[in-house]
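**Student:** Residues 8 to 355, numbered by the working numbering, are exactly what the sequence shown covers, in order. All C-beta atoms, glycine included, are put in the ideal place defined by N, C-alpha and C. Here the structure is a predicted model, which means the values were calculated and not measured.
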Amino acid sequence: MKHMTKKGIVLSLIMAVAGSMGVFASGNRSGDGNAQGGGERYAIVFKSTGNPYGERMMGGFEAGIKEQGFTSIMRAPDLPTAEAQIQIIDQLIAQRVSSICIAGNDFDALQPVLNRAKNQGIKVYSLDSAVNPASRLTHVNQADSGKIGQTLIEAAYDLTGGEGEIAVLSATSQASNQNIWIDYMKKELEKPKYANLTLVKVAYGDDLRDKSVSETEGLLLSYPNLKCIIAPTTVGIAAAGKVLSDRGLQGQVFLTGLGLPSEMAEYIDNGACPYMYLWNPIDVGYLAAYVGTALARGTITGKAGDQFSAGRLGAYTVTQASDGGTEVLLGPPFKFDKANINEWKAVY
Ligand code: RAM
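#1: Are Val104 and Ile129 closer than 9 angstroms when you measure CB to CB?
#2: For Glu74, collect the residues of the same chain with a Cβ closer than 7 angstroms to its Cβ; drop the 5 residues on either side in sequence, then sort them by chain order.
#3: Counting only beta-carbon atoms, is Arg319 nearer than 9 angstroms to chain B?
#4: Tell me whether Leu86, by its Cβ, gets closer than 8 angstroms to a heavy atom of the ligand RAM.
#5: I need the straight-line Cα distance from Ile237 to Lys154, nearest angstrom please.
#6: Which partner residues does Ala245 have in the DSSP bridge list?
#7: Taking only the alpha-carbon atoms, compute the straight-line gap between Gln127 and Ile100 and give it to the nearest angstrom.
#8: What first and last residue would you give for the beta strand (DSSP E) that runs through Glu90?
#9: How is the alpha helix (DSSP H) around Gln314 delimited, first residue to last?
#10: Exposed or buried, which one is Ser106 when buried takes at least 16 other CB atoms within 10 Å?
#11: Pro375 to Asp290, Cα distance in whole Å?
#12: Spatial neighbours of Ile244 within its chain, please: C-beta separation below 6 angstroms, excluding the five flanking residues on both sides.
#13: Compute the Euclidean distance between the alpha carbons of Leu166 and Asp213, then round it to the nearest angstrom.
#14: Here's the rule: buried if 16 or more other CB atoms are within 10 angstroms of the residue's CB, otherwise exposed. What is Ala328?
#15: Would you mind reading off the limits of the alpha helix (DSSP H) that contains Ser219?
#16: Taking its Cβ as the centre, do 16 or more other Cβ atoms sit within 10 Å of Asp39, making it buried, or is it exposed?
#17: Report, in whole angstroms, the separation of the C-beta atoms of Ile173 and Lys249, which I expect to be a contact under 8 angstroms.
#18: Going by DSSP, name the residue or residues bridged to Gln185.
#19: With a cut-off of 8 angstroms on the beta carbons, I'd call Ala150 and Gly338 a contact; round off their distance for me.
#20: Return helix, strand or coil for Arg143, following the three-state DSSP convention.
#21: If contacts are defined as beta-carbon pairs under 8 angstroms, then Ala50 and Cys108 qualify, I think. What distance do you get, rounded to the angstrom?
#22: Judging by CA-CA distance, which residue of Leu206, Leu251, Gln102 and Thr145 is the nearest neighbour of Gly111?
#23: What first and last residue would you give for the beta strand (DSSP E) that runs through Asp344?
#24: Among residues of its own chain, excluding the 5 on either side of Met28, which ones have a beta-carbon nearer than 7 angstroms to its beta-carbon?
#25: Here's the rule I'm using: 16 or more other beta-carbon atoms within 10 Å means buried, otherwise exposed. How should Asp344 be labelled?
#26: Once the 5 residues before and after Val242 are set aside, which same chain residues still bring their CB inside 8 angstroms of it?
#27: Is the beta carbon of Leu265 within less than 8 angstroms of some heavy atom of the ligand RAM?
#28: Cβ of Ala279 within 8 angstroms of any heavy atom in the ligand RAM?
#29: Would a C-beta distance cut-off of 9 angstroms place Asn277 and Val354 closer than the cut-off?
#30: Skipping 5 residues on each side, what residues in its chain have a beta carbon closer than 7 angstroms to that of Ser371?
#31: Rounded to whole angstroms, what is the Cα-Cα separation between Ile307 and Leu86?
#32: Using 8 angstroms as the cut-off, classify the Cβ of Tyr211 as near or not near the heavy atoms of the ligand RAM, replying yes or no.
#33: Measure from the alpha carbon of Gly323 to the alpha carbon of each residue in Ala83, Ala296, Gln185 and Ala272, then state which is nearest.
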């Protein structure tokens, strides 16, 4: 895996240390790249502030822009809504940035403001949570969406012994990345192999810690026979890990999903979450930095087949995405369990 190289680990460690020092603590700030090299500004907009995953991704973006000699602008609204992102994008248009990379809080609702940006010559693309193909030149996808859905259902099958009630604890109901993954989970569940697994509920913790805790508590209350929670969000899985651990439910209700090793090590160690998956969020942001500059330079236009070089990650090709647009795919998801979590918890 690309993010398993030694060089990658060292760079990631540097990012992680910077993160733990609070360098990425605020979601609304300019990168410190004081425009050595032309003063072009490249913007990234995450879903909301206070999400350690988003902070690491923006940290990777900042590093990728800075090493090319440009300035990064990192923004995120306090709440994960499209309305709040529209305000931020309007401000970025006024700032005449070269590109806007957005983790969309809605697939369609940002289209008018993103078109305004496009009409000003700003290169618009998404990462993490895609906006619709008409609103973007391409999308930086963290991992194959179908594979994420399948892998998480296989995990639930394995953890439950193949039968019982399972639930999903998601982010917001409008998040396109979680919604695609959940669609693929449902498709996977239609296979005869999963006939004895029942998806009883999809709950939404909105990527807010407290809401994710109360939604987990609600699931446990409403479904006393619940055997597994799948949380395809780092905020949700950490909240669910805490609730299950506080209640001593290890071995009764299993947890899996997509989690940050640094936040989940405790719950992997204590058995609440036997294993989970993720990719390197720092690399997602770093790759996006190179997509932004390649679009601004005209090296790529965002059509399938376009090729570019992404610094330490090497060469990438733009490919067709399942939603009709195009994407740049980082790589496969990686499994974290007791055997490797201690190695990774310091990285991201
Ligand atoms: C959360 C966010 C993000 C997602 C990760 C897995 O932090 O919802 O969009 O990619 O989880």
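**Tutor:** With the given structure in hand:
#1: In this structure, Val104 lies near Ile129, with their beta-carbon atoms less than 9 angstroms apart.
#2: Within the same chain, Glu74 has close Cβ partners Gly318.
#3: The question asks about chain B, but that chain is absent: this structure has only one protein chain.
#4: Answer for Leu86: no, Cβ out of range of the ligand RAM.
#5: Distance between Ile237 and Lys154, taken at the CA atoms: about 15 angstroms.
#6: Ala245 has no beta-bridge partner at all, per DSSP.
#7: For Gln127 and Ile100, the distance between alpha carbons rounds to 7 angstroms.
#8: Per DSSP, Glu90 belongs to no beta strand (DSSP E); it is in the alpha helix (DSSP H), Ala89 to Ala101.
#9: Run containing Gln314: none in the alpha helix (DSSP H); it sits in the beta strand (DSSP E), Gln314 to Ser316.
#10: Note on Ser106: 16 or more other CB atoms within 10 angstroms of its CB, so buried under the neighbour-count rule.
#11: Nothing about residue 375 can be read from this structure; the chain reaches only from 8 to 355.
#12: The residues are Ala238, Gly264 and Gly266.
#13: If you take the alpha carbons of Leu166 and Asp213, they lie about 25 angstroms apart.
#14: Classification of Ala328: buried, given that the 10 Å Cβ count is 16 or more.
#15: Boundaries of the alpha helix (DSSP H) around Ser219: Arg216 to Ser229.
#16: Interpretation of Asp39 is limited by its pLDDT of 40, a score under 50 that renders its predicted location unreliable; the figure taken from the coordinates is listed afterwards. Classification of Asp39: exposed, given that the 10 Å Cβ count is below 16.
#17: So it is not a contact: roughly 19 angstroms between Cβ atoms.
#18: Paired residues: none, contrary to the question.
#19: With 8 angstroms as the limit, Ala150 and Gly338 qualify as a contact, their Cβ atoms being about 7 angstroms apart.
#20: DSSP, reduced to helix, strand and coil, places Arg143 outside both helices and strands of the structure shown, so it counts as coil.
#21: With 8 angstroms as the limit, Ala50 and Cys108 qualify as a contact, their Cβ atoms being about 7 angstroms apart.
#22: Of Leu206, Leu251, Gln102 and Thr145, the residue nearest in Cα terms is Thr145.
#23: Unbroken beta strand (DSSP E) run through Asp344: Phe341 to Asp344.
#24: Only weak support exists for where Met28 lies, its pLDDT of 34 falling under 50; the value from the coordinates is given anyway. There are no such residues.
#25: Its Cβ having fewer than 16 others within 10 Å, Asp344 is exposed.
#26: Closer than 8 angstroms at the Cβ level, and outside the excluded window around Val242, lie Asn58, Tyr60, Ala178, Gly212, Asp214, Leu215, Arg216 and Ser219.
#27: Yes; taking the cut-off as 8 angstroms, the Cβ of Leu265 has a heavy atom of the ligand RAM nearer than that.
#28: No, Cβ of Ala279 sits at least 8 angstroms from all heavy atoms of the ligand RAM.
#29: Contact flag unset, no.
#30: Nothing about residue 371 can be read from this structure; the chain reaches only from 8 to 355.
#31: Distance between the alpha carbons of Ile307 and Leu86 is about 33 angstroms.
#32: At a cut-off of 8 angstroms, the beta-carbon of Tyr211 does not count as near the ligand RAM: no heavy atom of the ligand is closer than that.
#33: Before going further, note that residue 323 is Tyr rather than Gly in the sequence given. For the options Ala83, Ala296, Gln185 and Ala272, the alpha carbon positioned closest to that of Tyr323 is the one of Ala296.
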